[in-house]
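Peer 1: Right, I'll just put the structure down here and ask away after.
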Amino acid sequence: MDKQLLNHLFDSAQILISKEELIKKAKGETFNVFSLLGMETKENTTHSNFIGNLLNPKGTHLMGKVFLKLFLEEIDSSDHIKLDTTAVVLEYSCGPTNHLTKTGGRIDIYLSDGIGQSISIENKINADDQPNQIQRYVNHNSDRNRVFYLTLFGSEPKTTSKGELKSGEHYFLLSYKEGIINWLNNCIKEAANEPILRESIKQYRILIQKLTKTMDNLNKEELQQLILKNYEAAELITRNFDQAKEMVCTRLRSAVINQIDKLLVETNYFAIPGAKITLSYAQVWILNRTTSKAKVQFGIEPFGTKASDRMFVGTFTYGDSEFEKLESVDRHNQYWSNLERIPPYKGIELRMDNSNLIRQLNESEDFFSGVVEHIAIFFQNYFNENKGLIEEYLNNHDS
């Protein structure tokens, strides 16, 4: 492969990226309330709530069924559910979770009409699939329910969630990158005469474009033409992109483990790598040597190449309900408690989908060392504040 071809492609793409950034600044789109409030990847409090409110004919948008109608058209379900009688419920309970019968659970966004038809939307930004999750939702109201699996890029659920079920037949894939952005664009058109509502939807669309690395249409078409004109070079880059990022993420996690071990050398704790680096939730576990099989441990997450969430430190409980009953425990979700987000380093958010972070980790040894130290010191402070509670609990519940 001619190096000049690769350099030409990189240089031309960078010009387009700079052009896109200038356009965003000119439009005032660099200011985003969701980003400022740290709500970018919160599935329920941000995404399900915002989407659910737009879908709800009784939502605070006061636009009635307009947005719901557009959504049903976008997902080709106008003939599946009666628009005039559709109600929207968030976190809908379809019964106790039963893994034997593959039933029950809480559906993120649930639409149902007056004659028993329903649409179930499972919303995934960062959270992992739960066991039998898609199977359980497909079995709910089975002949009259249509299940959509909503992810940033239209990904498939894990086999542990879907079993033998097939997308397009038993359930349907929906992406933020295409389906939701298309729907939001149509909503913006309908809200043209409602400035506050229109701009709020625009803000949310900008957030989705950020999470999915989506360009405006004109620049996207220009980039696509650039790729086609340099097809061989683009193909080579695509084949090696994931491995290049994996190298940076793996090196960062290993360095953090080494640094934490140095900081904890006089304690009874040690750090180990968790899930594979190619998984979004790849983490570092910090275990107690004498109680390493206990159900409560420290963790830092995510280091994974597919991660889009801000890095955090927390206490992983494996769903241990006894630990979560303690007064000083702040439960974040089924598995994590006392979660604390690691602040940005030199103004750069520690998210593995942050291209600026990945680039600087690779280019600057000083920056790399600074990030490692930043993460390790933050964990050390967290460790000092929480180890007493953890150790007292582990001493009484060591398996």
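When you read off a place in the sequence shown, starting at 1, and then add 509, the result is the number in my numbering. For each residue, glycine too, the CB sits at the ideal point set by N, CA and C.
(1) Are the beta-carbon atoms belonging to phenylalanine 662 and lysine 686 less than 7 angstroms from one another?
(2) Exposed or buried, aspartate 862, counting other C-beta atoms within 10 Å across all chains shown (16 or more means buried)?
(3) Taking the alpha-carbon of isoleucine 618 as reference, which of Leu563, Glu741 and Val757 has the nearest alpha-carbon?
(4) If you draw a straight line from the C-alpha of isoleucine 717 to the C-alpha of glutamate 894, how long is it?
(5) Counting only the same chain and skipping the five closest in sequence on each side, list residues whose C-beta sits under 8 angstroms from that of asparagine 890.
(6) Would you mind listing the beta strand (DSSP E) stretches within the region 621 to 708 that are 3+ residues and don't spill past its ends, in chain order?
(7) Going along the chain, which residues of its own chain have a beta-carbon closer than 8 angstroms to the beta-carbon of glutamate 665, five neighbours each way excluded?
(8) What did DSSP end up calling tyrosine 740 once you bin it into helix, strand or coil?
(9) Buried or exposed for glutamate 631, please, with buried defined as at least 16 other CB atoms from any protein chain shown within 10 angstroms of its CB.
(10) Should leucine 592 go down as buried or exposed, given a rule of 16 or more other Cβ atoms within 10 Å for buried?
(11) Should the region 869 to 881 be regarded as contacting the region 764 to 771, the criterion being three or more beta carbon pairs within less than 8 angstroms?
(12) Please state the DSSP three-state secondary structure of valine 793.
(13) Look up arginine 615 in the DSSP assignment and say whether it is helix, strand or coil.
(14) Please state whether DSSP places threonine 554 in a helix, a strand or coil.
(15) Once DSSP output is grouped into helix, strand and coil, what is the label at threonine 826?
(16) Count the other C-beta atoms from every protein chain shown that fall within 10 angstroms of the C-beta of isoleucine 705, then say buried if there are 16 or more, exposed otherwise.
(17) For a test of your reading of the model: does the CB of alanine 885 fall under 6 angstroms from any non-hydrogen atom of the ligand GTP? Yes or no.
(18) Since valine 774 and proline 782 should fall inside the 8 angstroms C-beta cutoff, what is the C-beta to C-beta distance between them, to a whole number of angstroms?
(19) Could you tell me how far apart the beta carbons of glycine 823 and tryptophan 845 are, in whole angstroms, since I believe they sit closer than 8 angstroms?
(20) Since I believe leucine 674 is in contact with glutamine 626 (beta carbons under 8 angstroms), could you give me their beta-carbon distance rounded to a whole number of angstroms?
Peer 2: Well, looking at it:
(1) The sequence position of residue 662 within the sequence shown is 153, counting from 1. The sequence position of residue 686 within the sequence shown is 177, counting from 1. In contact: phenylalanine 662 and lysine 686 (Cβ atoms closer than 7 angstroms).
(2) As a position in the sequence shown, residue 862 is number 353, starting the count at 1. Classification for aspartate 862: buried.
(3) Your numbering for residue 618 matches position 109 in the sequence shown. Here the closest residue by C-alpha is Leu563.
(4) For this step, residue 717 is matched to residue 208 along the sequence shown. For this step, residue 894 is matched to residue 385 along the sequence shown. Using only the alpha carbons, I get a separation of about 36 angstroms.
(5) For the purposes of this step, residue 890 is taken as the residue at position 381 of the sequence shown. Here the set comprises nothing.
(6) Whole beta strand (DSSP E) segments, 3+ residues: 627 to 632, 654 to 660 and 681 to 684.
(7) Against the sequence shown, residue 665 aligns to sequence position 156. Excluding positions up to five away in sequence, the list reads Tyr658, Lys671, Ser676 and Leu682.
(8) For the purposes of this step, residue 740 is identified with residue 231 of the sequence shown, where counting begins at 1. Taken through DSSP and simplified to helix, strand or coil, tyrosine 740 comes out as helix.
(9) Counting from one through the sequence shown, the residue named residue 631 turns up at place 122. Only buried fits glutamate 631, as 16 or more other CB atoms lie within 10 angstroms of its CB.
(10) As a working note, residue 592 is residue 83 in the sequence shown. Only exposed fits leucine 592, as fewer than 16 other CB atoms lie within 10 angstroms of its CB.
(11) Yes: at least three Cβ pairs fall under 8 angstroms.
(12) Position 284 of the sequence shown, counted from the start, is the residue given in the question as residue 793. Per DSSP, reduced to three states, the secondary structure at valine 793 is strand.
(13) Taking the first residue of the sequence shown as 1, we reach residue 615 at position 106. In the structure shown, arginine 615 falls within a strand segment according to DSSP collapsed to helix, strand and coil.
(14) For this step, residue 554 is matched to residue 45 along the sequence shown. In the three-state reduction of the DSSP assignment, threonine 554 falls in the helix class.
(15) By 1-based counting over the sequence shown, the position of residue 826 is 317. Taken through DSSP and simplified to helix, strand or coil, threonine 826 comes out as coil.
(16) On the sequence shown, residue 705 is found 196 positions in, with the first residue counted as 1. Of the residues assessed, isoleucine 705 falls on the exposed side of the cut-off, its CB having fewer than 16 other CB atoms within 10 angstroms.
(17) With respect to the ligand GTP, the structure offers nothing, as it holds no ligand at all.
(18) The sequence position of residue 774 within the sequence shown is 265, counting from 1. The sequence position of residue 782 within the sequence shown is 273, counting from 1. Contact between valine 774 and proline 782 fails: their C-beta atoms lie close to 19 angstroms from each other, not under 8 angstroms.
(19) Here residue 823 corresponds to residue number 314 of the sequence shown, with the count starting at 1. Here residue 845 corresponds to residue number 336 of the sequence shown, with the count starting at 1. Between glycine 823 and tryptophan 845 the beta-carbon gap is near 5 angstroms, inside 8 angstroms, which marks them as a contact.
(20) Within the sequence shown, numbered from 1, the residue matching residue 626 stands at position 117. Within the sequence shown, numbered from 1, the residue matching residue 674 stands at position 165. Going by Cβ atoms, the distance from glutamine 626 to leucine 674 rounds to 20 angstroms, so no, they are not a contact pair.
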